[in-house]
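One structure is given here, and the rest of the page talks about it.
In the numbering used here, the protein residues as written are -7 to 206.
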C-alpha cells in the first residue's frame, strides 16, 4: 500500500496538447482569401446589376434551351448575351433539347416571370416543404399578394405584408385566396423585400468577412 501511495503521489496527469498554431491557421488563410472573395463578390454583384438575365439564376444552360426553342428546335449558331456578338454554340445538345421541351410544355422562361407576376392577381403557393422560396420573394418584389402554406421562411417574409395570408389548411388557403381576390389591391411586399435586393448583397457579404477578420 505504501508503494502504491507513493506511486500515486508521484503520478502527474498531463493534458493532451493541441496545436494552437494549426487551429489558428484559418486566420492566416483569411488574410489573403477574404480580400479575394470580397473582390470576386463585388465583381459578380456588379455584373448582375448591369447585365440582364441570364447572368442570374440558371444562366447559360437555360439560355441555350430558350434559344433552341426559339429556333423551332434547330441548333442555334450562337447564344446571345455574355459577349457583344454572343458565344458559339458548341455543346452536346440532348440535355438542352429536354429542357426546351419541358419549358414549352410546362414552364415559362424565367426572364418572362416579372411580366406574368405583374399581370396576376395573387400567388398561390401550396408546397408542403420549402426552404426560402424565391417565388414568394419575387411576388413580393412585384407587390403581388401571396397566399401560401406555412413552409420555410414564408411566415417571416410575409409577417408585415398585406394583403397576404400564411395558411395551415386547405380551407385557410381557399379563404385567403378569396380574400385577396375580393380586395383586388396590390400588397406592400416590395418594401418588405428591400433588404434582399442585389444592391445590398455585396455590403452584407463584406460585413461578414470584416467581422471574421476583426
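Ideal placement from N, C-alpha and C gives every residue a C-beta, glycine not left out.
With a 10 Å radius around its C-beta and 16 neighbouring C-beta atoms as the bar for buried, classify residue i as buried or exposed.
i, result
"residue 155", "buried"
"residue 59", "buried"
"residue 181", "buried"
"residue 128", "buried"
"residue 157", "buried"
"residue 161", "exposed"
"residue 86", "exposed"
"residue 146", "buried"
"residue 31", "exposed"
"residue 205", "exposed"
"residue 153", "buried"
"residue 184", "buried"
Could you name the residues of the same chain whose beta carbon sits closer than 7 Å to that of residue i, not counting the 5 residues immediately before and after it, in chain order?
i, result
"residue 105", "130"
"residue 24", "none"
"residue 110", "134"
"residue 144", "122, 123, 124, 125"
Taking DSSP as the reference, what is the three-state secondary structure of residue i?
i, result
"residue 222", "Residue 222 cannot be examined here, being either before or after the span of the chain that is shown, -7 to 206."
"residue 153", "coil"
"residue 75", "coil"
"residue 27", "helix"
"residue 85", "coil"
"residue 202", "helix"
"residue 80", "strand"
"residue 48", "Bear in mind that a pLDDT of 47 at residue 48, under 50, signals an unreliable position, so the model cannot answer this."
If you drop the 5 nearest sequence neighbours on each side, which residues of the same chain put their C-beta closer than 8 Å to that of residue i?
i, result
"residue 114", "136, 137, 138, 139, 169, 172, 173"
"residue 70", "77, 78, 79, 80, 81"
"residue 35", "none"
"residue 26", "201, 204, 205"
When you compare each of the options to residue i by their alpha carbons, which one comes out closest?
i, options, result
"residue 107", "134, 196, 62", "134"
"residue 125", "148, 111, 112", "148"
"residue 123", "142, 109, 204", "142"
"residue 159", "54, 111, 120", "120"
"residue 112", "200, 202, 199, 179", "179"
"residue 118", "75, 163, 187", "163"
"residue 166", "151, 199, 116", "116"
Determine, using beta carbons only, whether residue i comes closer than 8 Å to chain C.
i, result
"residue 129", "The displayed structure is made up of one protein chain only, and chain C is not part of it."
Checklist entry - Where are the beta strand (DSSP E) runs, 3 residues long or more, that stay fully inside the segment 106 to 164, in chain order? => result 115 to 117, 138 to 141, 157 to 159
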